[in-house]
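Asker:
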Amino acid sequence: MQKKTLRLALPLFGLAALSLTSSAQDFQPRMGEPMAGLSSAQLQRFADGLVEFNFVLSPADGLGPVFNDNSCGTCHAFPEPGGSGTKLVTRFGKAASGGNPFDPLAHKGGSLKQEQAIDPAAQEFVPAEADVVINRVTPMALGLGLLEAIDDADILALAANPLDPNVSGVVRMTQPFEGGPMRASKMGWKGGVATTLTFSADASLNEMGLTNRFVGSENLPNGDAALLVWDTVPDPEDFADPVTGLERIDRQTDFQIFTAPPAQTPRSGMTGEMVFSSIGCAACHVDTPYVTGAHSEAVLSGVSIKPYSDFLLHDMGTLGDGIVDGICSETEMMTRTLWGIGQRQTMLHDGRVTGVPFDAMVDWAIQEHDGEAAFSRTNWNNLSAADQAALVEFMKSLGRSEGDWDLNNRVDEFDWFFMEPLMTGPDAGTVTPDDGGAIIDIDQDGDIDMADMAIFQRAYTF
């Protein structure tokens, strides 16, 4: 644990210094690190939030009686806390039939089956009448503050003016737990969550069994209230720290809103991004940047980001999960963000795409796209091998920070071994965004010189 803490502390110090001394053109924070430009107070809130995100709850803290795991960071773990994961959970229900709508079997503990219990007597199971049973994999929680800050008007405009005639997305408006006006959903496999605080409160209950000021009642194990006898902590189990006044869900939120968005290196100009757009992927995974709107934390306002999502519900045909969630039908899913995909170990909502090299993962995921995305799948299959390879290289750029040659979310002597021979000197003008050297051509001026090397040094992970 000491080694892990030391490794985190050094990049945090470097980023704090960079916010005061470096130019705007600098290396991008790695996944799991705080945004550049945070104040010392915000950096402290980020650090406190990270501790909370990784805190392992016990039954005495309010864990259970049923839960999926005992900390946020246990599931959102890769490549660093706040990232995605490989842990699968189960959703179930009874399919619509005979004029009867889809039944989430809420009276039997649905539609989410919690995988663990603080006592075997409370262990949940999938009811016999459930004929829809699917997996869900842990999504990424990095950059959520910036997603929250996207202006709803931008998402509504994408729904009103589709970028391609093959797609027709729907906005899912939802009420934040903390009140205020309805907001466009930007989180959740099927939408339904618009703010990071709502995400923290909802996940704390459903994934860990931690009741809080917004959701103050426990999930009934398989719908049986008698099984709550195993949970002896009074509700709500979350409580305010006497020093800061913040509850666990507030500290979880601080970590998530202040995490940097996954980097993209090189930042623009790759051939693969043009291929991505040309075959229709950008019709839903929009490749034009958003500029965030007003947020209570000013550092999150007016920021240009490219999450590669329209945040709309789309009919995905056979790629749907069979679950009805609010206005989201059995075949509809919300467009996932693609930032950070270069470091994911699974793809798609159920994690089915895994265990193969990255280029095969990309192909597999695209082949599974159906419904409104079928045209893009057909276009992918008609590409030349060279264009497919270019698109895969573009996918690898999403989640890679400058200097990270081996795409492991750190910059070290192994990366330098490959980078050092690529130095061209000033004014060479020969490095393109498609070249390997573009990973360290930080100012994207076509050469790799001492200015780039100086930034590489600051990015170096001790």
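The working numbering puts the first residue of the sequence shown at 163, with every later residue one more than the last.
Every residue gets a Cβ at the ideal spot worked out from N, C-alpha and C, and that includes glycine.
Just so it is clear, the structure is predicted and the values come from calculations on it, not from any experiment.
When the distance is taken between beta carbons, is leucine 372 closer than 7 Å to aspartate 393?
Answerer: Residue numbering aside, residue 393 sits at position 231 when the sequence shown is read from its first letter. Residue numbering aside, residue 372 sits at position 210 when the sequence shown is read from its first letter. Their beta carbons are not under 7 Å apart, which means aspartate 393 does not touch leucine 372 by this criterion.
Asker: Give every residue of the same chain whose Cβ lies closer than 8 Å to the Cβ of glycine 533, excluding the five residues on either side of it in the sequence, and list them in chain order.
Answerer: Looking up residue 533 in the sequence shown gives position 371. For glycine 533, where only same-chain residues beyond five positions count, the Cβ hits under 8 Å are His476, Asp477, Met478, Gly479, Thr480, Leu481, Gly482, Thr493.
Asker: In whole angstroms, what is the alpha-carbon distance linking proline 243 and glycine 260?
Answerer: For the purposes of this step, residue 243 is identified with residue 81 of the sequence shown, where counting begins at 1. For the purposes of this step, residue 260 is identified with residue 98 of the sequence shown, where counting begins at 1. Each residue's Cα considered, the two are about 45 Å apart.
Asker: Output yes or no for whether 7 Å exceeds the beta carbon distance between leucine 500 and alanine 311.
Answerer: For the purposes of this step, residue 500 is taken as residue 338 along the sequence shown, with counting starting at 1. For the purposes of this step, residue 311 is taken as residue 149 along the sequence shown, with counting starting at 1. No, the pair does not count as a contact, with Cβ atoms beyond the cut-off.
Asker: For glycine 431, which option in Asp188, Ala552, Leu274, Phe217 has the closest C-alpha, if you only look at C-alpha atoms?
Answerer: Indexing the sequence shown from 1 puts residue 431 at position 269. Considering only alpha carbons, the answer is Ala552.
Asker: Just to confirm the assignment, what range does the alpha helix (DSSP H) spanning aspartate 477 have?
Answerer: By one-based count along the sequence shown, residue 477 stands at place 315. That residue, aspartate 477, is in no alpha helix (DSSP H); its beta strand (DSSP E) goes 475-477.
Asker: What did DSSP end up calling cysteine 446 once you bin it into helix, strand or coil?
Answerer: Numbered from 1 along the sequence shown, position 284 holds the residue referred to as residue 446. Looking at cysteine 446 - three-state DSSP - the assignment turns out to be coil, as it is neither helix nor strand.
Asker: Do you know offhand how far arginine 429's Cα is from alanine 239's?
Answerer: Residue numbering aside, residue 429 sits at position 267 when the sequence shown is read from its first letter. Residue numbering aside, residue 239 sits at position 77 when the sequence shown is read from its first letter. Roughly 25 Å separates the two Cα atoms.
Asker: Would you report the Cα separation of glycine 599 and arginine 375, rounded to the nearest angstrom?
Answerer: Taking the first residue of the sequence shown as position 1, residue 599 is located at position 437. Taking the first residue of the sequence shown as position 1, residue 375 is located at position 213. Cα to Cα, glycine 599 sits roughly 51 Å from arginine 375.
Asker: Going along the chain, which unbroken runs of the beta strand (DSSP E) with 3 or more residues stay wholly within the segment 493-517?
Answerer: 494-496
Asker: Report yes if the C-beta distance between proline 424 and glycine 307 is below 7 Å; otherwise report no.
Answerer: Stepping through the sequence shown from its first residue, residue 424 is reached at position 262. Stepping through the sequence shown from its first residue, residue 307 is reached at position 145. Result no, Cβ atoms of proline 424 and glycine 307 do not sit closer than 7 Å.
Asker: Residues in the same chain with beta-carbon distance under 8 Å from aspartate 512, minus the five sequence neighbours each way, listed in chain order, please.
Answerer: Along the sequence shown, read from residue 1 onward, the residue named residue 512 stands at position 350. For aspartate 512, where only same-chain residues beyond five positions count, the Cβ hits under 8 Å are Leu250, Ile296, Asn297, Arg298, Val299, Asp483.
Asker: Could you tell me whether the segment 465-473 touches the segment 446-453, using the rule of 3 or more Cβ pairs below 8 Å?
Answerer: yes
Asker: Do phenylalanine 618 and isoleucine 601 count as a contact pair if the criterion is CB distance below 7 Å?
Answerer: In the sequence shown, residue 601 corresponds to position 439, counting from 1. In the sequence shown, residue 618 corresponds to position 456, counting from 1. No, these two residues do not count as a Cβ contact at 7 Å.
Asker: Please list the terminal residues of the continuous alpha helix (DSSP H) segment that includes arginine 410.
Answerer: In the sequence shown, counting from the first residue as 1, residue 410 sits at position 248. Per DSSP, the continuous alpha helix (DSSP H) segment holding arginine 410 begins and ends at 410-420.
Asker: Tell me whether tryptophan 406 sits in a helix, a strand or coil according to DSSP, three-state version.
Answerer: What you label residue 406 is simply residue 244 of the sequence shown in a count that begins at 1. It should be pointed out that residue 406 corresponds to threonine in this sequence rather than to tryptophan. In the structure shown, threonine 406 sits in coil (DSSP, three-state: anything other than H, G, I, E or B).
Asker: Within 8 Å, do at least three Cβ pairs link the segment 559-576 to the segment 536-549?
Answerer: no
Asker: Is the shortest distance between the beta-carbon of leucine 304 and the beta-carbons of chain B less than 7 Å?
Answerer: The question asks about chain B, but that chain is absent: this structure has only one protein chain.
Asker: Which same chain residues end up closer than 6 Å to threonine 116 when comparing Cβ atoms and leaving out the 5 residues on each side of it in sequence?
Answerer: Not covered by the structure: residue 116. The range shown for the chain is 163 to 624.
Asker: Check whether the segment 603-623 and the segment 576-589 are in contact - that is, three or more C-beta pairs closer than 8 Å.
Answerer: yes
Asker: Just the Cα atoms here: how many angstroms apart are aspartate 412 and glutamate 214?
Answerer: The residue given as residue 412 occupies position 250 in the sequence shown. The residue given as residue 214 occupies position 52 in the sequence shown. Roughly 9 Å between the two C-alpha positions.
Asker: Taking only runs that begin and end inside the segment 250-314, name each unbroken beta strand (DSSP E) of 3 or more residues, in chain order.
Answerer: DSSP runs (the beta strand (DSSP E)) wholly in the segment 250-314: 250-255, 294-299.
Asker: Considering only C-alpha positions, which residue in the set Ser246, Glu195, Leu219, Phe217 is nearest to phenylalanine 208?
Answerer: Reading the sequence shown from its first residue, position 46 is the one you call residue 208. Answer by Cα proximity: Glu195.
Asker: How many Å lie between threonine 497 and serine 538 at the Cα?
Answerer: One-based indexing of the sequence shown puts residue 497 at position 335. One-based indexing of the sequence shown puts residue 538 at position 376. Using only the alpha carbons, I get a separation of about 14 Å.
Asker: Determine the closest residue to alanine 536 out of Asn328, Lys256, Leu212, Ile280, with distance taken between C-alpha atoms.
Answerer: Position 374 of the sequence shown, counted from the first residue, corresponds to residue 536. Here the closest residue by C-alpha is Asn328.
Asker: Isoleucine 419: which of Met349, Ala590, Ser563 sits nearest, CA to CA?
Answerer: Here residue 419 refers to the residue found at position 257 when the sequence shown is read from its first residue. Considering only alpha carbons, the answer is Met349.
Asker: Helix, strand or coil for aspartate 549 per DSSP?
Answerer: What you label residue 549 is simply residue 387 of the sequence shown in a count that begins at 1. Three-state result, aspartate 549: helix.
Asker: Taking just the CA atoms, how far does glutamine 414 sit from proline 266?
Answerer: Taking the sequence shown and counting its residues from 1, one reaches residue 266 at position 104. Taking the sequence shown and counting its residues from 1, one reaches residue 414 at position 252. Cα to Cα, the separation comes out at about 29 Å.
Asker: Please classify serine 202: is it buried, with 16 or more other beta-carbons within 10 angstroms of its beta-carbon, or exposed?
Answerer: For this step, residue 202 is matched to residue 40 along the sequence shown. Exposed.
Asker: When DSSP labels each residue in this structure, what does threonine 540 get in the three-state scheme?
Answerer: On the sequence shown, position 378 is the one that residue 540 refers to. Threonine 540: helix per DSSP, three-state reduction.
Asker: For aspartate 223, tell me which candidate among Val524, Asp397, Gly565 has the shortest Cα-Cα distance.
Answerer: Your numbering for residue 223 matches position 61 in the sequence shown. With distances taken between Cα atoms, aspartate 223 lies closest to Asp397.
Asker: Rounded C-beta distance between aspartate 576 and aspartate 568? I'm assuming under 8 Å.
Answerer: For the purposes of this step, residue 576 is taken as the residue at position 414 of the sequence shown. For the purposes of this step, residue 568 is taken as the residue at position 406 of the sequence shown. Here residue 576 turns out to be phenylalanine, not aspartate, going by the sequence shown. Indeed they touch by this definition, with Cβ atoms about 6 Å apart.
Asker: Does the Cβ of valine 294 have 16 or more other Cβ atoms within 10 Å, making it buried, or fewer, making it exposed?
Answerer: As a working mapping, residue 294 is identified with position 132 in the sequence shown. It counts as buried.
Asker: Please return the same chain residues whose Cβ sits closer than 6 Å to the Cβ of glycine 235, not counting the five positions on each side in sequence.
Answerer: Here residue 235 refers to the residue found at position 73 of the sequence shown. Cβ neighbours of glycine 235 beyond the five flanking positions: Phe215, Asn216, Pro243.
Asker: Which same chain residues end up closer than 6 Å to leucine 309 when comparing Cβ atoms and leaving out the 5 residues on each side of it in sequence?
Answerer: In the sequence shown, the residue the question calls residue 309 occupies position 147. Result list for leucine 309: Lys348, in chain order.
Asker: Leaving out the 5 sequence neighbours to the left and right, which residues in its chain are closer than 7 Å to aspartate 316 when beta-carbon positions are compared?
Answerer: Taking the first residue of the sequence shown as 1, we reach residue 316 at position 154. Closer than 7 Å at the Cβ level, and outside the excluded window around aspartate 316, lie Tyr452.
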